[in-house]
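Input: a single structure, listed below in structure tokens.
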Amino acid sequence: MEKIASSKLGREVKAGERVWLPLDLVVIRDFAGPNAILQFEEITKGRGKVFDPERIAITFDYQVPAKDEKVANNQKICREFAERQGIKHFFDVNAGIGQHVLLERGLVTPGSVIIGTDSHMNLLGAVESFSVGVGNTDVVAGFILGKLWFRIPQSVKMVFNGRLSYPVTSKDLALFFVSEMGGDGANYLSVEFYGEVIDSFSLADRITLSSMVTETSGKIGFMVPNDEVKAFLEERVGKSVEIIEADPDAEYLEIREYDVSGLEPLISCPHVPENVKKVRDLRGVKVDEVFIGSCTNGRYEDFKVAYDYLLRVGKGFNPRVRVIFTPSTKEVALRLLREGIASAFVEAGGVFTNPGCSLCTIGHHGILASGEVLLSTSNRNFQGKLGRGSYVYLSSPLTAIASAITGEITDPRDLL
Amino acid sequence: MALLRGKAWVFGDNIDTDLIYHGKYLPLTDPREMAKHAMEYVPGMEDFSKRVSPGDFVVAGRNFGSGSSREHAVLCLKYLGVAGVIAESISRIYYRNAINNGFLVLECPNISKKVKTGDELEVDPESGLIRNLSSGEELFGHPLSGLEREIMEKGGLIEHIRSLMEG
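If you read the protein sequences in the order shown, they are chains A and B.
Under my numbering, the first sequence has 127 at position 127, and the numbering climbs by one with no breaks.
Convert by adding 416 to the 1-based position in the second sequence; the result is the number in my numbering.
Set out below in structure tokens:
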């Protein structure tokens, strides 16, 4: 983190300093975007120009397509703003979850500084971008100044060695990390992930882990891209990218090392993400709904692994359970459709939706009645978030698909 | 910044942004409307917005404001007239949003155990000193420093930008 800030400012920056960093991208969504635009228009008396239309992006993912008149009007405010300001990086209701879209469209590089109105903006730390979630006032500052104030965080180093063995996934590691760190354990901190497990992680795995840093109140979670991730970035950006390596003498507030070879499938229980237990200790808890998707587990690989498991078990879903699949982006959706994965989910009894935030934002679909239980691959299980009196558990796509088949919380090892 | 005096409303740990301001009200853009829904999803606090008086403090345990980047969660309390949030820890986005809106946030160890709902507090935002006038106990919060304090003193980030634009 100090290294990124230092390179941006052309001088040595130390943790704890307050600095104004120039922004490579300012991102708004149909959520909080309209508030920022209205504030911007007010402060600039309707005559203002953004600092650089090339460095603004607008992504719709919150309630897409619009679910009511208020949301429709909010989206209209954003569309008209994009038109008026000449913002070309504009992605409408068909595109998908913002951070994922930006990544696929080559707008994110290692060392870039990005702000956006999404608390999981920081999942882009998976490709070493310093991306942070902010409120609409910060965005207004970004629109006008092209820079923003930051307190440079201290860093914690997490080293995960060993090997995860099927059906244990990156999500189980992410839940392990959240339980070790606690809900505020990384508050104001930057987390750097290292070790054999991280080296072997695909981009999808990295996104799963980095997105869960928010659930420890962490500012950002960085992973140094491996060859596969670097190749992906270069293909998308259209030019070579430079990887950032921490200095050998970098200072850490703390270094924690783990051998995670013995890790088992984990699950986060209501109503806080840090409430993590072993899936096998919750066997038999009835589920009413299962959700696979979100910015945490909405990549192609997340659905593919669930699909392969479904084929292997050879049974459809428990007819009592609503099983909802939401790809993160249009690109992921098209591949799932093309490869017959989406149709297999629908044939098994599931619902396949358009890309977006889906269940994670209340008000669109999949809302729960009081007393109902959801098993979700997303990142939060706050009390009442998805319906007053409901219960949300968080797991990997494999635990989720196994539980969709049986109708109760199921360790994915049990059906193999 | 002057001394502040008000009654405490004590909450537990992990008061997340959906408890402070539920996601279903996110399409609202008028902060006075937002204020009506403050703390509505905290069990037993459904009518908080009617019971709280201007100048009161929200006191909480660890990890206050975790979750969403929604600024509504700051604005709803601010427009309700709440003087500030004093918690054992405050999640980073909430902290930022509060500073940017000129809304007082103080971190203070053990505050949720040392203060009861209804206690009268006297808070010095400058030094971080918190006096519980009901129990006579003194607590020390972490005062704001540097840039954060500068932004707070201007009344928020927008005012700070205005002064930058004029200067």
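The beta carbon of each residue, even a glycine, is placed where N, CA and C say it ideally should be.
Being a predicted model, the structure only gives us computed values, none of them experimental.
Excluding sequence positions up to five away, which residues of its chain have a Cβ less than 7 Å from the Cβ of residue i?
| i | result |
| --- | --- |
| P65 (chain A) | V93 |
| K570 (chain B) | H576 and S579 |
| E331 (chain A) | E104 |
| G349 (chain A) | G316, F317, P319 and V323 |
| E2 (chain A) | V13, K14, A15 and I152 |
| V26 (chain A) | R55, I56, I115, V139, G142 and F143 |
Beta-carbon within less than 8 Å of residue i's beta-carbon, same chain only, minus the 5 sequence neighbours each way: which residues are those?
| i | result |
| --- | --- |
| P420 (chain A) | Since the first residue of chain A shown is 1 and the last is 416, residue 420 (chain A) is not available in this structure. |
| L228 (chain A) | Strictly speaking, residue 228 (chain A) in this sequence is Glu, with Leu absent from that position. Answer for E228 (chain A): S202 and L203, listed in chain order. |
Just the Cα atoms here: how many angstroms apart are residue i and residue j?
| i | j | result |
| --- | --- | --- |
| Q383 (chain A) | D434 (chain B) | 8 Å |
| Y62 (chain A) | F31 (chain A) | 6 Å |
| P265 (chain A) | I198 (chain A) | 18 Å |
| K421 (chain A) | F222 (chain A) | For residue 421 (chain A) there is no data in the structure shown, the boundaries of chain A being 1 and 416. |
| L209 (chain A) | F176 (chain A) | 10 Å |
| H438 (chain B) | A344 (chain A) | 35 Å |
| E234 (chain A) | E104 (chain A) | 11 Å |
| Y495 (chain B) | Y441 (chain B) | 15 Å |
| K466 (chain B) | F473 (chain B) | 15 Å |
| G116 (chain A) | V539 (chain B) | 33 Å |
| R55 (chain A) | E41 (chain A) | 18 Å |
| V237 (chain A) | L386 (chain A) | 37 Å |
| E289 (chain A) | V305 (chain A) | 19 Å |
| G340 (chain A) | L311 (chain A) | 12 Å |
| V521 (chain B) | S485 (chain B) | 16 Å |
| H364 (chain A) | A72 (chain A) | 13 Å |
| K130 (chain A) | R508 (chain B) | The residue you asked about is not Lys; residue 130 (chain A) is Phe in the sequence shown. Whole-angstrom Cα-Cα distance: 15 Å. |
| G477 (chain B) | D184 (chain A) | 11 Å |
| F60 (chain A) | V113 (chain A) | 21 Å |
Name, please, each residue of chain A whose Cβ falls closer than 7 Å to the Cβ of residue i.
| i | result |
| --- | --- |
| P443 (chain B) | K70, V71 and N74 |
| L563 (chain B) | R18 and W149 |
Residue i versus chain B: which residues are under 9 Å apart at the beta carbon?
| i | result |
| --- | --- |
| I362 (chain A) | D434, H438, G439, K440 and L442 |
Going by DSSP in three states, residue i sits in which element: helix, strand or coil?
| i | result |
| --- | --- |
| G422 (chain B) | strand |
| D259 (chain A) | strand |
| K530 (chain B) | helix |
| I417 (chain A) | Not covered by the structure: residue 417 (chain A). The range shown for chain A is 1 to 416. |
| A402 (chain A) | helix |
| G98 (chain A) | helix |
| A5 (chain A) | helix |
| Y457 (chain B) | coil |
| M223 (chain A) | strand |
| V37 (chain A) | Contrary to the premise, residue 37 (chain A) reads as Ile rather than Val in this sequence. Looking at I37 (chain A) - three-state DSSP - the assignment turns out to be helix. |
| P443 (chain B) | coil |
| F519 (chain B) | coil |
| F345 (chain A) | helix |
| S131 (chain A) | strand |
| M212 (chain A) | helix |
| L386 (chain A) | coil |
| A231 (chain A) | helix |
| L173 (chain A) | helix |
Using a cut-off of 8 Å between C-beta atoms, extract the partners of residue i located in chain B.
| i | result |
| --- | --- |
| Y393 (chain A) | Neighbours of Y393 (chain A) on chain B: none; closest Cβ ~16 Å, over 8 Å. |
| K219 (chain A) | R508 |
Report the neighbours of residue i on chain B: residues whose CB is nearer than 7 Å to its CB, in chain order.
| i | result |
| --- | --- |
| G183 (chain A) | N430, N479 and S482 |
| N187 (chain A) | S505, S507 and R508 |
| D118 (chain A) | S485 |
| R380 (chain A) | G483 |
Interface residues of chain A around residue i at Cβ under 8 Å?
| i | result |
| --- | --- |
| I512 (chain B) | The sequence shown places Arg at residue 512 (chain B), rather than the Ile named in the question. Within 8 Å Cβ-Cβ: V134, G135 and D138. |
| Y457 (chain B) | Q383, G384 and R388 |
| L545 (chain B) | Those within 8 Å of L545 (chain B) in chain A number zero; the least Cβ separation is about 23 Å. |
| R578 (chain B) | I43 |
| G572 (chain B) | T137 |
Can you list, in chain order, the residues of its chain with a C-beta nearer than 6 Å to that of residue i? Leave out the 5 residues immediately preceding and following it.
| i | result |
| --- | --- |
| L493 (chain B) | A454 |
| D259 (chain A) | N161 and G162 |
| P470 (chain B) | G497 |
| R206 (chain A) | A126 and M223 |
| A342 (chain A) | L336 and F352 |
| E257 (chain A) | V159 |
How would you list, in chain order, the residues of chain A whose beta-carbon sits under 9 Å from the beta-carbon of residue i?
| i | result |
| --- | --- |
| L560 (chain B) | Within 9 Å Cβ-Cβ: nothing; L560 (chain B) doesn't reach chain A, min ~11 Å. |
| L493 (chain B) | In chain order: nothing, as chain A lies at least about 14 Å away. |
| N517 (chain B) | G135 and T137 |
Using a Cβ cut-off of 8 Å, which residues of the stretch 26-51 of chain A contact any Cβ in chain B, in chain order?
F31, A32, P34, N35, L38, Q39 and I43
So if I threshold CB-CB distances at 8 Å, which residues from the stretch 134-160 of chain A count as touching chain B?
V134, G135, N136, T137, D138, V140, A141, I144, L145, W149 and R151
Residues in the stretch 191-208 of chain A having any Cβ partner in chain B nearer than 9 Å:
none
The stretch 288-311 of chain A: which residues have C-beta closer than 9 Å to a C-beta of chain B, in chain order?
none
Which residues of the stretch 525-536 of chain B have a Cβ closer than 9 Å to any Cβ of chain A? Give them in chain order.
none
Which residues, in order along the stretch 263-275 of chain A, keep a beta-carbon less than 7 Å from a beta-carbon of chain B?
V272
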